[in-house]
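Just below is one structure, and these are the notes that go with it.
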Amino acid sequence: MIRFYNTLSRKKEDFVPIGKIVTMYSCGPTVYNYAHIGNMRAYIFMDSVRRVLKYNGYKLKGVMNITDVGHLLSDGDDGEDKMEKASREQQRSVYEIAETYTKAFLTDLEKLNIGKPEIIAKATDHIDDMIDYVKKLVELGYGYEISDGIYFDISKFPTYGKLSGLDLNNQIAGARVDVNGEKRHPADFALWKKAPKEHIMQWRSPWGMGYPGWHIECSAMSKKYLGDRFDIHTGGVDHIPVHHENEIAQSEALEGHQTVNYWMHGEFMQVDGGKMSKSLGNTYTVSDLENKGYSPMEFRYFCLNTHYRKTLNFTFAAMDSAKISYSRLLSAIDQHKNGNADTDSASIEKYRNEFLEAIDDDVNIPLALGVMWSALKEAPSRRIYDLVQDFDRVLGLRLNTVPTQQKIDAPQEVIDLAEKRLSARKNKDWATSDELRDQIAALGYIVADKKDGYDIKKKP
Ligand code: AMP
Ligand code: ZN
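The opening residue of the sequence shown carries number 0 in numbering that gives the first Met the number 0; numbering runs sequentially from there.
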């Protein structure tokens, strides 16, 4: 039985799907810039959930949105639209911006071996669905019009705040004075905004020209593709207090019942123990990592070593270790490929059960990796190789890749230095590369460069 931690109940629950096909909605990217590695951690998490379900034999219908309108600079209703800001700064049309970064995002998914959800839905292709949705909320008395848009009246939805455990009264007492005095309640949020003339993206609506709020996008598209009840909704922890509270308010107000059974949230990635931010210059992309000599699979391996509900601290030192471990992993697997030891069926079953138990316990991939490493310690055996390839259906680490450097007859210390040197060379850091060659020489070995790798020989 799979168990998932449900943010709504704050505990692990048995997973019981509504129907034969598991339905799942995942908040997708806002395509105003290249996704950074923190964003990609969020989608590796989504992918792990999908793979665990598939490994357990479920079929999936997953939907992911692409936000190409309506996400303002704050998660609330203030500031410029992120897309329009990017368009102004980069002197390109919003549509070009959306196309460029959507493409880049999909490429990153492929590089990281993240399975694409069955349906990928662009917000701008669903404006009519959103207008319909807002109209219904207004008819039901949950939406009201003021001079700059249509707002959701949270006083009509008494359980507002249940996902994050927000006490609205406390929050309001301490909240800054809201600039919009027309709102009935400071926490009321925009369903639809009336567009000032200069706003590039705008559509005709019953309330004049305007554009949708960010939250309505996910409520409208999940309803369209998954219906009024679905199994799982994923996102990052930053979505809990605003975006997902608002989605719950909209969807449950419209349907009159709970619409999502399991809310799952991925924790954040930090860099060097702090926030990732443009001003610190530490919002690396997958391509940045590749340019520094780290492959997407090494990054995926790095991510999978930490449980999705724990903060993951990215440092280049940690990436170096992940790189070395991933390379050792491929070599260890390769040893089993043509192995002829006869691992007994009971051992294989034991590993298989332990692996399944780990992944079914709230997607505990780090524990599952441990099971795989234990299996690899067995004498070289094709059965272990096949077992690990089967595990890779969940891990997605492309474990059938032939290691770049075959078994090297040198102490681990030397191999580690050679791996570091390979990174340095990919990073065109020739000074470090030379220094590492000298260190290797001091240990009595000669390293020779090859395309995409190296050879190590003992000094004559
Ligand atoms: P955005 O494109 O800003 O809407 O974010 C896309 C996804 O990345 C969302 O699911 C966010 O929750 C997630 N996200 C943003 N920053 C981080 C981070 N530093 N670590 C992990 N996930 C993040
Ligand atoms: Zn969303």
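In this text, a Cβ means the ideal position worked out from N, Cα and C, and glycines have one as well.
Which full runs of the beta strand (DSSP E) of 3+ residues lie inside the region 186 to 247, going along the chain?
-> 188 to 193, 209 to 211 and 229 to 235
Among Asp80, Asp76 and Met82, the one whose alpha carbon lies nearest that of glycine 148 = On the sequence shown, residue 148 is found 149 positions in, with the first residue counted as 1. Out of Asp80, Asp76 and Met82, Asp76 has the C-alpha closest to the C-alpha of glycine 148.
Near glutamine 388, which residues of its chain fall below 7 Å by C-beta distance, leaving aside the five closest residues on each side in sequence?
-> For this step, residue 388 is matched to residue 389 along the sequence shown. Excluding residues within five positions, the ones whose Cβ falls inside 7 Å are Leu398 and Asn399.
Report all residues from its chain with a CB closer than 6 Å to the CB of lysine 58; omit the five preceding and five following residues, and keep chain order.
-> The residue labelled residue 58 in the question sits at position 59 within the sequence shown. Once the five neighbours on either side are set aside, the close Cβ partners of lysine 58 are Ile20.
Could you give the residue range of the beta strand (DSSP E) that holds methionine 275?
-> Looking up residue 275 in the sequence shown gives position 276. Run containing methionine 275: none; DSSP gives neither H nor E here.
From arginine 175 to arginine 183, what does the alpha carbon distance come to, in whole angstroms?
-> By 1-based counting over the sequence shown, the position of residue 175 is 176. By 1-based counting over the sequence shown, the position of residue 183 is 184. With a pLDDT of only 49 at arginine 175, under 50, the local geometry of the prediction cannot be trusted, and the value read off the model is given with reservation. Their backbone Cα atoms lie some 15 Å apart in a straight line.
Cβ-Cβ separation, valine 236 to glutamate 266 (assumed contact under 8 Å), whole Å | To locate residue 266, count along the sequence shown from 1; it is residue 267. To locate residue 236, count along the sequence shown from 1; it is residue 237. Rounded, the Cβ-Cβ distance is 6 Å, consistent with contact.
What are the boundary residues of the alpha helix (DSSP H) that serine 25 is part of?
-> Walking along the sequence shown from the start, residue 25 turns up at place 26. Here serine 25 belongs to no alpha helix (DSSP H); instead the beta strand (DSSP E) covers 20 to 25.
Return the Cβ separation of valine 62 and valine 362 in integer angstroms, given the expectation that the two are a contact with Cβ distance under 8 Å.
-> Position 63 of the sequence shown holds residue 62. Position 363 of the sequence shown holds residue 362. Their Cβ separation, rounded to whole angstroms, is 19 Å, which puts valine 62 and valine 362 out of contact at 8 Å.
Contact test: histidine 232 Cβ vs ligand 1 heavy atom, cutoff 7 Å | For this step, residue 232 is matched to residue 233 along the sequence shown. The answer is no for histidine 232.
Report the three-state DSSP secondary structure of arginine 2 (helix, strand or coil).
-> Your numbering for residue 2 matches position 3 in the sequence shown. Arginine 2 falls in the strand class under three-state DSSP.
Where do the N-terminal and C-terminal ends of the beta strand (DSSP E) with phenylalanine 14 fall, by residue?
-> By 1-based counting over the sequence shown, the position of residue 14 is 15. Run containing phenylalanine 14: none; DSSP gives neither H nor E here.
Answer with buried or exposed for leucine 442, where buried requires no fewer than 16 other C-beta atoms within 10 angstroms of its C-beta.
-> Counting from one through the sequence shown, the residue named residue 442 turns up at place 443. With fewer than 16 other Cβ atoms within 10 Å, it is exposed.
Run the CB neighbour count on valine 370, radius 10 Å, all protein chains shown included, and call it buried at 16 or more, exposed below.
-> In the sequence shown, the residue the question calls residue 370 occupies position 371. Valine 370 should be labelled buried.
Where arginine 2 and aspartate 359 are concerned, what is the direct C-alpha to C-alpha distance, given to the nearest angstrom?
-> The residue labelled residue 2 in the question sits at position 3 within the sequence shown. The residue labelled residue 359 in the question sits at position 360 within the sequence shown. About 6 Å.
Would you give the residue range spanned by the alpha helix (DSSP H) that aspartate 389 belongs to?
-> As a working mapping, residue 389 is identified with position 390 in the sequence shown. Looking at the DSSP string, the run of the alpha helix (DSSP H) that includes aspartate 389 is 381 to 394.
If you follow the alpha helix (DSSP H) that isoleucine 358 is part of, which residue opens it and which one closes it?
-> Here the question's residue 358 lines up with position 359 in the sequence shown. Start and end: 344 to 359.
Buried/exposed call for glycine 173, threshold 16 Cβ in 10 Å = Position 174 of the sequence shown holds residue 173. Per-residue confidence for glycine 173 stands at a pLDDT of 43, beneath the threshold of 50, marking its modelled position as unreliable; no derived number is given.
Thinking just about the alpha-carbon of each residue, which of Thr431, Met0 and Arg424 is nearest to the one in histidine 448?
-> Residue mapping note: residue 448 aligns to position 449 of the sequence shown, counting from 1. In the sequence as displayed, the identity of residue 448 is aspartate instead of histidine. Closest option to aspartate 448, Cα to Cα, is Arg424.
Spatial distance of valine 446 from asparagine 55 (CA atoms) = One-based indexing of the sequence shown puts residue 446 at position 447. One-based indexing of the sequence shown puts residue 55 at position 56. Whole-angstrom Cα-Cα distance: 46 Å.
Measuring from the CB of proline 28, is there a heavy atom of ligand 1 at a distance below 7 Å?
-> Along the sequence shown, read from residue 1 onward, the residue named residue 28 stands at position 29. Proline 28: yes, Cβ under 7 Å from ligand 1.
Under 8 Å, do glycine 212 and leucine 190 count as touching if we go by C-beta distance?
-> Within the sequence shown, residue 212 is the residue found at index 213, counting from 1. Within the sequence shown, residue 190 is the residue found at index 191, counting from 1. Yes, they are a contact pair.
Proximity test, methionine 268 beta-carbon vs ligand 1 heavy atom, cut-off 7 Å | Counted from its first residue, the sequence shown places residue 268 at position 269. Under cutoff, so the answer is yes.
Among residues of its own chain, excluding the 5 on either side of serine 380, which ones have a beta-carbon nearer than 8 Å to its beta-carbon?
-> Reading the sequence shown from its first residue, position 381 is the one you call residue 380. If we look at serine 380 and ignore the five residues flanking it on each side, its Cβ neighbours are His335, Gly338, Asn339, Ala340, Asp341 and Thr342.
Is the beta carbon of arginine 9 sitting closer than 8 Å to the one on methionine 268?
-> Here residue 9 corresponds to residue number 10 of the sequence shown, with the count starting at 1. Here residue 268 corresponds to residue number 269 of the sequence shown, with the count starting at 1. Going by C-beta atoms, arginine 9 is not nearer than 8 Å to methionine 268.
Look at the Cβ atom of valine 133, then the Cβ atom of glycine 140, and state whether they are nearer than 8 Å.
-> The sequence position of residue 133 within the sequence shown is 134, counting from 1. The sequence position of residue 140 within the sequence shown is 141, counting from 1. Against a cut-off of 8 Å, the Cβ pair of glycine 140 and valine 133 comes out as no contact.
How would you write the range of the beta strand (DSSP E) that leucine 59 sits in, first residue to last?
-> In the sequence shown, counting from the first residue as 1, residue 59 sits at position 60. Its beta strand (DSSP E) spans residues 58 to 65.
Name the residue from Ser276, Ala440 and Thr233 whose alpha carbon lies nearest to the alpha carbon of asparagine 5.
-> Numbered from its first residue, the sequence shown carries residue 5 at position 6. Among Ser276, Ala440 and Thr233, the Cα nearest to that of asparagine 5 belongs to Thr233.
Since I believe tyrosine 210 is in contact with glycine 69 (beta carbons under 8 Å), could you give me their beta-carbon distance rounded to a whole number of angstroms?
-> If you number the sequence shown from 1, residue 69 lands on position 70. If you number the sequence shown from 1, residue 210 lands on position 211. Their Cβ separation, rounded to whole angstroms, is 6 Å, which keeps glycine 69 and tyrosine 210 in contact under 8 Å.
Per-residue burial, methionine 82 [other beta carbons within 10 Å of its own, 16 or more giving buried] = The residue you call residue 82 lines up with position 83 of the sequence shown. Its Cβ being crowded by 16 or more others within 10 Å, methionine 82 is buried.
Heavy atom of ligand 1 less than 7 Å from the Cβ of asparagine 363, yes or no?
-> The residue given as residue 363 occupies position 364 in the sequence shown. Every heavy atom of ligand 1 is 7 Å or more from the Cβ of asparagine 363, so no.
Exposure of glycine 27, with buried meaning 16 or more beta-carbon neighbours within 10 Å | In the sequence shown, residue 27 corresponds to position 28, counting from 1. Answer is buried; the Cβ neighbour count reaches 16.
DSSP three-state call for lysine 29: helix, strand or coil?
-> Along the sequence shown, one-based indexing puts residue 29 at 30. Per the sequence presented here, residue 29 reads as threonine, with lysine not at that position. Residue state, collapsed to three classes: strand.
Around the Cβ of glutamate 244, are there at least 16 other Cβ atoms within 10 angstroms (buried) or fewer (exposed)?
-> One-based indexing of the sequence shown puts residue 244 at position 245. Buried.
Would you kindly report the start and end of the unbroken beta strand (DSSP E) that includes tyrosine 261?
-> Taking the first residue of the sequence shown as 1, we reach residue 261 at position 262. It spans 259 to 265 - the beta strand (DSSP E) in which tyrosine 261 sits, taken as one unbroken run.
The region 277 to 291 / the region 192 to 207 touching (three or more Cβ pairs under 8 Å) | no
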